[in-house]
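In UniProt numbering, the protein residues as written are 1 to 203.
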């Protein structure tokens, strides 16, 4: 059975951020730690898992599939390139639910071939997070993807604000992911509350 995911999905790079966001009511958070030694990564994941367990929130580990298995993470997110080196059988055997990033119909086909729990589509709007070789997808593609993936949750990401997030949910997305609009805000907690208010009304 597909687990329902909270519509507000912040993506952060440390357990400190996880602590701040569960403190204002975030229920679904992705931890994306980059360019750190493995022991630091493991420490961050372990602490974030504890914080989420205490708060009744769900943690999604980005990229580090072995650590997700070893530390008992409920969810893992992989990009297309990450699928190449991941042991999908081990991930499945451990009961870790998998989310996969997609940008093109071919990538969606590949994602569905590994039977993911949920699928991410992006960037919906231009994003400053990283250089993207893909043009913005736009709202119409959300509906196209949702028709293909059916009951699996669809995550929209890329250039979102609370107002744009509401448009994505109305277009068929189940979950809206955010990075800079929250962590880069002058008052991240207040901005997170705005997201929660808008997305939970829509969902």
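By construction, the Cβ of each residue, glycine as well, lies at the ideal position given by its N, Cα and C atoms.
Check your understanding: Taking Cβ positions, are residue 32 and residue 13 nearer each other than 7 Å?
Key -> In the chain shown, residue 32 corresponds to position 32, counting from 1. In the chain shown, residue 13 corresponds to position 13, counting from 1. Closer than 7 Å, so yes.
### Query
What three-state label does DSSP hand residue 170 in the structure shown?
For the purposes of this step, residue 170 is taken as residue 170 along the chain shown, with counting starting at 1. Residue 170 falls in the helix class under three-state DSSP.
Option in 102, 169 and 123 with minimal Cα separation from residue 113: The sequence position of residue 113 within the chain shown is 113, counting from 1. Among 102, 169 and 123, the Cα nearest to that of residue 113 is on 102.
Worksheet entry | CA-to-CA distance, residue 74 to residue 58, given in whole angstroms | On the chain shown, position 58 is the one that residue 58 refers to. On the chain shown, position 74 is the one that residue 74 refers to. So the two alpha carbons sit approximately 7 Å from each other.
Which residues in the same chain have their Cβ closer than 7 Å to the Cβ of residue 20, if we skip the five residues on either side of it in sequence? For the purposes of this step, residue 20 is taken as residue 20 along the chain shown, with counting starting at 1. Excluding residues within five positions, the ones whose Cβ falls inside 7 Å are 188 and 189.
field: Contacts around residue 193, its chain only, beta-carbon distance under 8 Å, and the 5 residues preceding and following it disregarded
entry: As a working note, residue 193 is residue 193 in the chain shown. Once the five neighbours on either side are set aside, the close Cβ partners of residue 193 are 24 and 25.
Per-residue burial, residue 122 [other beta carbons within 10 Å of its own, 16 or more giving buried]:
As a first step, residue 122 must be located in the chain shown, where it is residue number 122. Classification for residue 122: buried.
Check your understanding: How long is the line joining the alpha carbons of residue 151 and residue 181, rounded to whole angstroms?
Key -> Translated into positions along the chain shown, residue 151 becomes position 151. Translated into positions along the chain shown, residue 181 becomes position 181. Near 28 Å, if we compare the C-alpha coordinates of residue 181 and residue 151.
Inset, instruction - Report back the beta-carbon spacing between residue 11 and residue 155 to the nearest angstrom; my notes put them in contact at under 8 Å. - result: Within the chain shown, numbered from 1, the residue matching residue 11 stands at position 11. Within the chain shown, numbered from 1, the residue matching residue 155 stands at position 155. About 10 Å; that fails the 8 Å criterion.
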